[in-house]
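Contents: one structure, followed by commentary.
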RNA sequence: GCACCCGUAGCUCAGUUGGAUAGAGCGCUGCCCUCCGAAGGCAGAGGCCAUAGGUUCGAAUCCUAUCGGGUGCGCCA
């Protein structure tokens with residue numbers, strides 16, 4: 009039950025009944041919105057209907073507002089309507105509405121708030137896709153968490169979501185990986201390999217891979233022809249790296265449905281070749297040269313004829329090369345084929361969660377999407393700004409060479425999965441993020457994770473307490489849902505329920521905008537409403553949830569508490585954060 | 001040089017897709033535990049929404065320019 013959507017329909021119906029005719033065309037009712045007013049004193053709901061419709065009707069907003077208000081007053085669920093400011097219509101609803109909201113939470117349980125927006129449309133969300141050459145480092149965590157939460161959010165909004173990871177197992181970096189692993193293999197066999205040569209991966213994380221090879225194959229690999237051995241090692245090493253990456257992702261509670269191998273698209277007659285051929289037939293590929301970048305021209309610049317994709321006709325800044333001078337495909341060519349593959353799998357939206365350092369790829373991906381799909385599907389990119397790490401206010405210095413770079417595992421092990429996830433989501437994705445390793449472990453109001461989780465734990469605590477104190481009276485959800493919600497007459501209680509009523513609207517808006525952070529902020533606000541009302545019970549004992557003199561009232565209040573815990577749990581689940589029964 | 005992102009309280013950030021008197025946390029000042037978890041709550045101070053124009057009933061939000069910060073810029077992945 010989304011009371012905002014519900015009332016938007018009622019307002020539209022009232023407007024339609026007025027039979028107003030603009031001088032030209034039809035009246036556009038789609039711009040009408042019903043929102044919670046900024047100031048609760050204004051009412052429960054506010055609509056801009058009069059202001060958006062006044063112009064085409066050549067009426068004064070306030071006059072139109074009065075007419076609409078009159079129609080709304082006839083609604084039995086409305087207790088008061090007034091016109092304010094430039095033409096806002098403020099609605100005060102009959103308290104029966106709040107009872108219905110609570111009833112709705114009990115009926116739908118964890119599904120309360122689910123949006124129908126997606127309507128089963130197939131969406132592909134690609135995130136993480138780090139190179140399989142080493143463990144994930146801190147820089148990857150934000151994209152991983154945002155992508156995962158976004159996928160959860162879209163699923164909660166009734167999209168048919170596939171979470172996907174592209175394994176970049178075809179490039180030159182895999183050759184480097186295989187060579188590095190071979191050295192570690194020799195090392196594991198007892199040979200002195202000296203220092204790792206420049207250009208190879210020096211990380212200790214490859215030692216276990218070398219050891220595993222030595223254990224499994226003994227010295228036999230040394231005798232194989234180099235080409236054969238190298239090919240084998242590439243596959244072996246990538247598998248091991250992916251095992252490591254999957255374990256890292258598991259630590260963060262991040263999951264994918266499909267791990268797509270780039271390698272499978274290479275080779276004669278494979279996806280890339282096919283896609284390029286198809287594009288040639290559509291005259292989207294040509295041989296040509298690119299102009300050098302303006303301003304500073306690179307020293308070694310020379311004009312070169314290349315195989316180019318006409319991305320600029322689809323909104324990109326310049327055309328992009330598909331084939332390298334050695335005849336192999338560029339990464340971009342793989343991108344095109346991969347997008348085509350997704351399209352063939354029936355996805356209508358292809359979402360990419362990328363780091364800000366990939367901002368330059370947005371236009372070309374969108375261009376490819378338009379070119380390949382002909383407008384039947386949409387490419388959507390979300391960029392995550394880089395994260396700056398701090399410890400107690402001091403920046404954490406990282407250097408690959410000094411071996412002081414921090415892995416995702418380091419961070420999760422130091423501060424825990426929930427704080428990492430919540431903090432990454434407690435920010436708009438395109439805003440910079442300062443992440444303080446010390447602050448996120450503090451269990452205080454300064455730390456929104458604990459504040460929200462504490463809200464959930466506090467609900468559980470109340471229900472536990474009530475079960476003890478109310479001897480012989482059931483406080484199970486089945487019993488609570490039969491209580492008399494109309495007894496919840498206090499301002500604070502109605503404020504909490506009004507907040508609960510916003511949840512479906514928040515979910516829907518967040519899904520539309522692809523902004524999971526909105527859920528995190530909402531959950532904070534809901535927790536705040538709960539904590540605030542709770543504390544009023546200190547000064548006014550009659551407001552406490554548990555009142556052994558009034559079992560009916562107590563049950564109604566416990567029902568509200570239960571509803572709050574449901575929404576907190578539901579929201580935290582979408583964000584991939586635990587909703588604990590108690591804090592430790 | 002060009003493209004994209006950002007600029008809101010001392011600090012870190014929200015701001016409901018153009019709406020009413022711009023919000024929260026931290027920090028600062030002062031309060032609230034015989035009482036369901038004080039891991040909390042209440043009150044106060046703090047703002048030229050980077051700057052200058054424009055669009056309209058109405059702009060932190062949209063457009064243009066400028067300043068400041070970040071990211072990227074033909075075969076890397």
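Residue numbers (the working numbering): 9 to 592. Beta carbons are placed, not taken as given, at the ideal position from N, Cα and C, and that holds for glycine.
The shortest C-alpha to C-alpha distance from residue 169 to any of 390, 126, 11 is the one to 126. By the C-beta density criterion, residue 323 is exposed, having fewer than 16 other C-beta atoms within 10 angstroms. Looking only at 193, 167, 569, 418, the smallest Cα-Cα distance to residue 145 is reached by 418.
The beta carbon of residue 332 sits closer than 7 Å to the beta carbons of 338 from its chain, once the five residues preceding and following it are set aside; these are given in chain order.
The DSSP-derived three-state label of residue 326 is coil. Note that the C-beta distance between residue 109 and residue 505 is below 8 Å. About 6 Å separates the beta carbons of residue 468 and residue 573, which is inside the 8 Å limit, making them a contact pair. Fully enclosed beta strand (DSSP E) runs of no fewer than 3 residues occupy 266-269 of the region 219-289, in order along the chain. The distance from the Cβ of residue 326 to that of residue 132 is about 27 Å, inconsistent with a contact at the 8 Å cut-off. Distance check between residue 441 and each of 37, 147, 107 places 147 closest, using alpha-carbon atoms only. Straight across, the Cα-Cα distance linking residue 58 with residue 68 is about 9 Å. Membership of residue 101 in the beta strand (DSSP E) is indicated by the continuous run 96-101. Within a 10 Å sphere around the beta-carbon of residue 461 sit 16 or more other beta-carbons, which makes this residue buried. As the crow flies, the alpha-carbon of residue 403 is around 36 Å from that of residue 265. Taking the CA atoms as reference points, residue 497 sits about 47 Å from residue 134. Apart from sequence neighbours up to five positions away, the residues of its chain that approach residue 106 with a beta-carbon distance below 8 Å are 493, 496, 502, 505, 506, 509, ordered along the chain. In this structure, the straight-line span from the alpha carbon of residue 272 to that of residue 12 is close to 48 Å.
Distance from the CA atom of residue 154 to the CA atom of residue 457, rounded to whole angstroms, is 16 Å.
An exposed status is given to residue 591, since fewer than 16 other beta-carbon atoms sit within 10 Å of its beta-carbon. Here the C-alpha atom of residue 229 lies approximately 29 Å from the C-alpha atom of residue 138. Among the bridge pairs identified by DSSP, residue 54 is matched with 43, 98. Sixteen is the threshold: when 16 or more other Cβ atoms of the shown chains lie within 10 Å of the Cβ of residue 524, as they do, the residue is buried. Short of 7 Å from the beta carbon of residue 371, and not among the five residues preceding or following it, lie these beta carbons of its own chain, in chain order: 323, 324, 325. Put simply, the backbone Cα of residue 197 is about 40 Å away from that of residue 365. Looking at the backbone, the Cα of residue 184 and that of residue 208 are separated by about 6 Å.
Within 10 angstroms of the beta-carbon of residue 394 lie fewer than 16 other beta-carbons, which makes it exposed. Taken in chain order, the complete alpha helix (DSSP H) segments of 4 or more residues contained in the region 102-183 are 104-116, 149-164. Distances from the alpha-carbon of residue 587 to those of 44, 205, 535, 479 put 535 closest. Within the same chain, 362, 364, 367, 438 come within 6 Å of residue 391 by CB-CB distance, once the 5 residues on both sides are set aside.
Straight-line spacing of the CA atoms in residue 19 and residue 72 works out to 12 Å. For residue 582, the three-state secondary structure derived from DSSP is helix.
In this structure the region 22-30 touches the region 75-87; the number of beta carbon pairs closer than 8 Å is three or more. Around the beta carbon of residue 49, fewer than 16 other beta carbons sit within 10 angstroms, so the residue counts as exposed.
Counting only the Cα atoms, residue 56 lies some 21 Å from residue 33.
Distance between residue 355 and residue 380, taken at the CA atoms: about 13 Å.
Sequence-distant Cβ neighbours of residue 585 in its own chain, meaning closer than 6 Å and more than five residues away, are 426, 429, 430.
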